[in-house]
Amino acid sequence: MTRLILLGPPGAGKGTQAKRLASSLGVPQLSTGDMLRAEVAAGSPLGKKVKAVMDAGKLVSDDILIDLIGHRIDQPDCRKGFILDGFPRSLPQAEALDRMLADRKLKIDRVIEMAVQDDALVERITGRFTCAKCGAGYHDKFQRPKRDGVCDQCGGAQFTRRADDNEQAVRTRLAAYHAQTAPLLPYYRGRGVLATVDGMAAIDDVTRQMSRVVATVGAA
Ligand code: ADP
Ligand code: ADP
Ligand code: ZN
């Protein structure tokens, strides 16, 4: 039973590490960015409402996110735990999450901060691409598929790049992170659940650091 929050600026490696932890722990990755992009791709009323805000790199309103996650954590696959990737992103969201969990007599075990310097993030984000079929994440320089143009995980040959992975939207997202999300660090530190890993390290090294943090869950 492990309930984790991954906290870090856009491009820190949350999605990359959340997928690895999800498969090693056997719990789902709850990526609010992926959930919102699925709504946009489906052209749903919610998707239509949030598309412009996401493309600009601004945060979608707290009400929408709280509603989205509130329904998601009640799904049966979350009974064994979950890894939150991209939520909460503001103090009102963190407080709402605390209330939701308290109502269900649950709690967050660890909040893992992935610390990465701002200047590394733009390069990470502008080089990011994803397998269109299975969602595996790649990078032009740091995480190329073993065979060019072929997904390691599923053999797919189509890849996508996000509409908001351009330098201007990244700058807006970084500003939103510093203004609205960074205040969550002292919030969770005060609750004694915050751990920090060096997100500047190589991908496998970051995975090892995160596994060490997770291994402390449940320890006295
Ligand atoms: P990244 O992986 O680059 O950090 P995400 O995929 O998590 O980005 O989020 C993409 C966009 O989706 C955000 O810029 C924002 O518009 C919206 N979004 C995702 N999660 C939240 C959230 N918890 N609160 C508000 N907006 C969110
Ligand atoms: P986030 O979900 O925090 O926005 P991602 O996991 O999507 O970040 O990572 C952003 C990009 O950087 C991806 O293209 C990914 O392959 C690459 N990346 C992730 N972790 C590292 C790392 N430790 N070193 C170098 N590149 C990384
Ligand atoms: Zn794939």
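Sequential numbering from 898 applies to the sequence shown in my numbering.
Ideal Cβ placement from N, Cα and C applies to all residues, glycine included.
State the CB to CB distance for the pair A1033 and G1046, rounded to an integer number of angstroms; the pair is presumed to be in contact (CB under 8 angstroms).
Wrong, their Cβ atoms sit about 13 angstroms apart, outside the cutoff.
In the DSSP assignment, the alpha helix (DSSP H) including R969 goes from what residue to what residue?
Counting along the chain, the alpha helix (DSSP H) containing R969 begins and ends at 959-969.
Note down, one range per segment and in chain order, each alpha helix (DSSP H) of at least 4 residues found wholly within the stretch 1015-1053.
Listed in chain order, they are 1015-1023.
Let me check one thing: in DSSP terms, what residues is E1010 bridge-paired to?
According to DSSP, E1010 bridges with L904, T1093.
Taking DSSP as the reference, what is the three-state secondary structure of I1100?
Helix.
Which same chain residues end up closer than 8 angstroms to A1117 when comparing Cβ atoms and leaving out the 5 residues on each side of it in sequence?
Confidence at A1117 is low in this model, with a pLDDT of 47, below 50, so its placement is unreliable and the value that follows should be read with caution. Taken in chain order, the list of residues that qualify is empty.
In whole angstroms, what separates the C-alpha of A1073 from that of G905?
Distance between the alpha carbons of A1073 and G905: 12 angstroms.
In angstroms, rounded to a whole number, what distance separates the CA positions of D959 and Q990?
Roughly 6 angstroms between the two C-alpha positions.
Check whether the Cβ atoms of V1008 and L1091 sit closer than 8 angstroms, and answer yes or no.
Yes, they are a contact pair.
Which partner residues of L927 appear in the DSSP bridge assignment?
Paired residues: L981.
My output table needs one value for T1078: the three-state DSSP class, helix, strand or coil.
Three-state result, T1078: helix.
In chain order, what are the residues with a CB under 6 angstroms from some non-hydrogen atom of ligand 3?
This selection yields C1028, K1030, C1031, A1033, C1048, Q1050, C1051, G1053.
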